[in-house]
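Protein chains: 2
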Amino acid sequence: MTAQRSGCPINLTLETLGDRWSLIVIRDIMFGNRRHFRELHGASDEGIASNILADRLKRLVEADLLSRAEDPSHKQKAIYSLTEKAIQLVPLLVQMGAWGRRHLPVSREMSVRQELLEEGGPALWDAFMDELRTLHLGVPAKGPSVLARLRQAYEEALAEKG
Amino acid sequence: MTAQRSGCPINLTLETLGDRWSLIVIRDIMFGNRRHFRELHGASDEGIASNILADRLKRLVEADLLSRAEDPSHKQKAIYSLTEKAIQLVPLLVQMGAWGRRHLPVSREMSVRQELLEEGGPALWDAFMDELRTLHLGVPAKGPSVLARLRQAYEEALAEKG
DNA sequence: CCTATCTGCTTGCACTTTGCAACTGGTTGC
DNA sequence: GCAACCAGTTGCAAAGTGCAAGCAGATAGG
Numbered sequence: 002m003t004a005q006r007s008g009c010p011i012n013l014t015l016e017t018l019g020d021r022w023s024l025i026v027i028r029d030i031m032f033g034n035r036r037h038f039r040e041l042h043g044a045s046d047e048g049i050a051s052n053i054l055a056d057r058l059k060r061l062v063e064a065d066l067l068s069r070a071e072d073p074s075h076k077q078k079a080i081y082s083l084t085e086k087a088i089q090l091v092p093l094l095v096q097m098g099a100w101g102r103r104h105l106p107v108s109r110e111m112s113v114r115q116e117l118l119e120e121g122g123p124a125l126w127d128a129f130m131d132e133l134r135t136l137h138l139g140v141p142a143k144g145p146s147v148l149a150r151l152r153q154a155y156e157e158a159l160a161e162k163g
Numbered sequence: 002m003t004a005q006r007s008g009c010p011i012n013l014t015l016e017t018l019g020d021r022w023s024l025i026v027i028r029d030i031m032f033g034n035r036r037h038f039r040e041l042h043g044a045s046d047e048g049i050a051s052n053i054l055a056d057r058l059k060r061l062v063e064a065d066l067l068s069r070a071e072d073p074s075h076k077q078k079a080i081y082s083l084t085e086k087a088i089q090l091v092p093l094l095v096q097m098g099a100w101g102r103r104h105l106p107v108s109r110e111m112s113v114r115q116e117l118l119e120e121g122g123p124a125l126w127d128a129f130m131d132e133l134r135t136l137h138l139g140v141p142a143k144g145p146s147v148l149a150r151l152r153q154a155y156e157e158a159l160a161e162k163g
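Sequences listed follow chains W and A, in order. In terms of the working numbering, the first sequence opens at residue 2 and continues consecutively. In terms of the working numbering, the second sequence opens at residue 2 and continues consecutively.
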């Protein structure tokens with residue numbers, strides 16, 4: 002990434018997240034709960050290259066959007082978690098999804114989750130963020146799982162598709 | 002830009018807008034009301050190169066985010082306007098600004114406008130979008146100018162700064 | 001008229017980033 | 001001890017970015 006261009010909030014956000022992969026990685030960790038390198042590499046529909054994934058993970062950890070921990074069950078496994086800073090991207094990602102859903106040729110099964118999040122409004126986003134804090138920061142759970150609801154809607158849409 | 006990767010709304014939005022300059026151009030047209038090539042080239046704090054600006058304008062017109070019209074007062078002047086599709090990016094840009102303001106080293110004078118938009122909430126965003134429709138799509142005005150309010154706040158912050 | 005300036009770009013070139021495929025050194029389960 | 005798995009790395013070609021200079025046509029002033 003280039004050196005700092007200006008103190009404009011939109012520009013700075015773009016400097017941090019404005020490339021084709023950073024937010025895809027965050028999306029997969031956030032909505033797909035993928036926490037290991039191999040999961041992120043193999044499972045995303047977009048097929049990120051391993052060198053780019055490695056680079057993005059490194060940058061995101063440096064930018065304090067992800068944290069990296071070792072898995073006690075396996076000496077080579079790394080667990081990537083969202084930081085609070087990344088969890089606060091939820092409203093931004095929802096807006097991105099909302100705009101894409103309205104204006105771009107999205108597929109049904111990839112947008113049911115977005116639809117739920119849009120309909121739920123800020124209250125649902127907050128509940129989702131609390132759940133992410135439980136999952137990634139170890140904060141005790143507060144309410145029922147939003148992620149489970151999203152996953153269920155996605156799987157139903159997949160089943161309908163055939 | 003690469004060929005289509007997946008039907009995910011977030012991914013498609015990223016494919017359309019996920020580079021370092023597209024949203025900067027839209028921001029300058031939207032908040033700075035810059036409508037000509039030279040205005041966009043010279044005035045932004047980030048200093049976009051003219052070839053990249055030309056390329057982005059072309060892509061954005063092709064993506065139906067901008068429209069290009071000739072200026073009747075000057076046969077070589079082109080006027081760029083936001084389309085409805087681009088006007089609907091307002092909530093996304095506000096969220097980007099909000100996140101940047103909270104987590105990145107923004108400057109005061111570049112963030113007063115964002116602050117107003119955040120405080121105003123969805124009602125103010127709607128009023129702003131209506132004003133953009135008046136300015137860019139020729140829809141008759143509905144209410145008092147949000148852009149004027151934002152500009153005033155920015156100029157006050159600049160004056161305070163010295 | 002003639003010239004200086006302004007218009008939206010284009011060109012050439014160096015540099016950086018991306019994308020693909022194969023590969024690495026180490027770990028684990030059987 | 002061996003196959004499968006782990007998080008990456010390496011080499012290389014292609015694409016994208018950034019800078020400086022330049023361009024033809026249009027306009028404004030004298």
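Glycine residues also receive a C-beta, built at the ideal position from the N, C-alpha and C atoms.
Please go through the same chain and pick out, in chain order, the residues whose beta-carbon is closer than 8 Å to the beta-carbon of Ala79/A, but skip the five residues on each side of it.
Correct list, in chain order: His37, Phe38, Arg69, Ala70, Glu71, Asp72.
Would you say Lys86/W faces chain A, with C-beta separation under 8 Å as the test?
For Lys86/W, the answer is yes, since a Cβ of chain A falls inside 8 Å of its Cβ.
Would you identify the three-state DSSP class for Ser146/W, choosing helix, strand or coil?
Here Ser146/W sits in coil by DSSP.
According to DSSP, which residues form a beta bridge with Arg69/W?
DSSP output for Arg69/W lists Tyr81/W as bridge partner(s).
Answer yes if the segment 12-24 of chain A comes into contact with the segment 115-126 of chain W, meaning at least three C-beta pairs across the two stretches below 8 Å, and no otherwise.
The segment 115-126 of chain W makes no contact with the segment 12-24 of chain A, as fewer than three CB pairs between them are under 8 Å.
Which one of Met130/A, Asp127/A, Gly98/A has the shortest CA to CA distance from Gly8/W?
Distance check between Gly8/W and each of Met130/A, Asp127/A, Gly98/A places Gly98/A closest, using alpha-carbon atoms only.
Lys86/W and His104/A - do their beta-carbons sit closer together than 8 Å?
Their beta carbons are under 8 Å apart, which means His104/A touches Lys86/W by this criterion.
In chain order, what are the residue ranges of uninterrupted alpha helix (DSSP H) at least 4 long that sit wholly in the segment 86-160 of chain A?
Counting only runs of 4+ residues, the alpha helix (DSSP H) found wholly inside the segment 86-160 of chain A occupies 91-104, 109-133, in chain order.
Under the rule that 16 or more other beta-carbon atoms within 10 Å means buried, what is Asn34/A, buried or exposed?
Asn34/A is classed as exposed because its beta carbon has fewer than 16 other beta carbons within 10 Å across all chains shown.
Just curious, the alpha helix (DSSP H) that Asn34/W is in, first and last residue?
Neither: Asn34/W is in no alpha helix (DSSP H) and is coded neither H nor E.
Beta carbon proximity, Asp20/W to chain A, threshold 8 Å:
So, interface residue.
For the alpha helix (DSSP H) containing Ser7/A, list its first residue and its last residue.
Boundaries cannot be given for Ser7/A, as no alpha helix (DSSP H) includes it and DSSP labels it neither H nor E.
If you drop the 5 nearest sequence neighbours on each side, which residues of the same chain put their C-beta closer than 6 Å to that of Lys162/W?
Glu110, listed in sequence order.
Looking only at its chain, what residues have a beta carbon closer than 7 Å to the beta carbon of Arg114/A, apart from the 5 residues adjacent to it on each side?
In its chain, beyond the 5 residues on either side, Phe32, Leu151, Ala154, Tyr155 have a beta carbon closer than 7 Å to the beta carbon of Arg114/A.
Determine the closest residue to Leu24/W out of Arg21/A, Asn12/A, Gly43/A, with distance taken between C-alpha atoms.
Looking at the Cα atoms, Asn12/A is the closest of the given residues.
Beta-carbon gap between Ser82/W and His137/W smaller than 8 Å:
For Ser82/W and His137/W, yes; Cβs fall inside 8 Å.
Cβ closer than 7 Å: which chain A residues qualify as neighbours of Trp126/W?
Contact annotation for Trp126/W against chain A: no contact, minimum CB-CB distance about 11 Å [criterion: below 7 Å].
Nearest-angstrom Cα distance between Arg134/W and Leu54/A?
Note on geometry: alpha-carbon atoms of Arg134/W and Leu54/A lie some 40 Å from one another.
Using a Cβ-Cβ cut-off of 6 Å (strictly less than) and excluding sequence neighbours within five positions of Val26/A, which residues of its own chain qualify?
So the list reads Arg57, once near-sequence residues are dropped.
Since Asn52/A meets chain W, which of its residues come closer than 7 Å, beta carbon to beta carbon?
At a C-beta separation below 7 Å, Asn52/A has no neighbours in chain W, since its nearest C-beta there lies roughly 16 Å away.
Closest Cβ-Cβ distance between Asn12/A and chain W: below 8 Å?
Yes, contact with chain W.
Taking 8 Å as the CB-CB limit, is Arg173/A close to chain W?
Residue 173/A lies beyond the residue range present for chain A, which begins at 2 and ends at 163; the question has no answer from this structure.
Would you kindly check if the distance between the Cβ of Trp100/W and the Cβ of Gln89/A is under 8 Å?
In this structure, Gln89/A sits near Trp100/W, with a CB-CB distance shorter than 8 Å.
Residues of chain W with a CB under 7 Å from the CB of Glu47/A: which are they?
Near Glu47/A (Cβ distances below 7 Å), the residues of chain W are Arg6, Ser7, Asn12.
Rounded to whole angstroms, what is the Cα-Cα separation between Arg6/W and Trp22/A?
Distance between the alpha carbons of Arg6/W and Trp22/A: 12 Å.
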